[in-house]
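So the number in the numbering used here is just where the residue sits in the sequence shown, counting from 1, plus 67. Cβ atoms here follow ideal geometry from the backbone N, Cα and C, with glycine treated the same way. Worksheet: the structure to be examined is printed underneath.
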Amino acid sequence: PYSVLSVMGSARDVDPADVPGAKYLDVSRISFQSGSRVAEELSLGYKDSDVYCVAPIVSNSTQKPSTYDFWAVGINCCSPMPPARFWCSRYDITDPYAHSGQRFM
Numbered sequence: 068p069y070s071v072l073s074v075m076g077s078a079r080d081v082d083p084a085d086v087p088g089a090k091y092l093d094v095s096r097i098s099f100q101s102g103s104r105v106a107e108e109l110s111l112g113y114k115d116s117d118v119y120c121v122a123p124i125v126s127n128s129t130q131k132p133s134t135y136d137f138w139a140v141g142i143n144c145c146s147p148m149p150p151a152r153f154w155c156s157r158y159d160i161t162d163p164y165a166h167s168g169q170r171f172m
């Protein structure tokens with residue numbers, strides 16, 4: 068996987084509301100605009116032995132996007148039932164300086 072990821076591009080200063088996200092399919096590393104965040108309140112979990120977790124990455128805009136094209140994902144790191152909680156990271160998801168991601172293959 069490293070050899071595949073190392074030859075892929077990177078994108079910087081991406082607005083999560085800039086859809087379609089498909090235009091970033093060829094990148095392995097992405098940095099979002101300052102103020103972007105993981106929307107923990109919109110996270111979901113699906114339990115099938117393990118809990119599979121997702122939460123959209125959103126911009127700091129007050130306008131609701133038409134689609135959510137960027138997602139933070141993980142296993143066994145969210146609440147599958149309300150209230151929504153998402154902790155799929157080594158870092159605090161509320162940290163305003165954490166705004167990058169890497170493709171996982």
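So is Arg-104 buried or exposed if we call it buried at 16+ other beta carbons inside 10 Å?
Walking along the sequence shown from the start, residue 104 turns up at place 37. Buried.
Cβ neighbours of Leu-111 in the same chain (closer than 7 angstroms, five flanking residues each side left out):
Locating residue 111 in the sequence shown gives position 44, counting from the first residue. Close CB contacts of Leu-111 within its chain, under the 7 angstroms cut and outside five residues either way in sequence, are with Val-121 (chain order).
Less than 8 angstroms separating the beta-carbons of Pro-87 and Phe-137?
Translated into the one-based positions of the sequence shown, residue 87 becomes position 20. Translated into the one-based positions of the sequence shown, residue 137 becomes position 70. No. Outside cutoff.
Output the distance between the C-alpha atoms of Pro-147 and Pro-123, rounded to the nearest integer angstrom.
Taking the sequence shown and counting its residues from 1, the one referred to as residue 147 is at position 80. Taking the sequence shown and counting its residues from 1, the one referred to as residue 123 is at position 56. Distance between the alpha carbons of Pro-147 and Pro-123 is about 15 angstroms.
Cα-Cα separation, Ser-133 to Ile-97:
Residue 133 sits at position 66 when you count from the first residue of the sequence shown. Residue 97 sits at position 30 when you count from the first residue of the sequence shown. Cα to Cα, the separation comes out at about 21 angstroms.
In the DSSP assignment, the beta strand (DSSP E) including Tyr-119 goes from what residue to what residue?
Position 52 of the sequence shown, counting from 1, holds the residue named residue 119. 117-125 is the extent of the beta strand (DSSP E) around Tyr-119.
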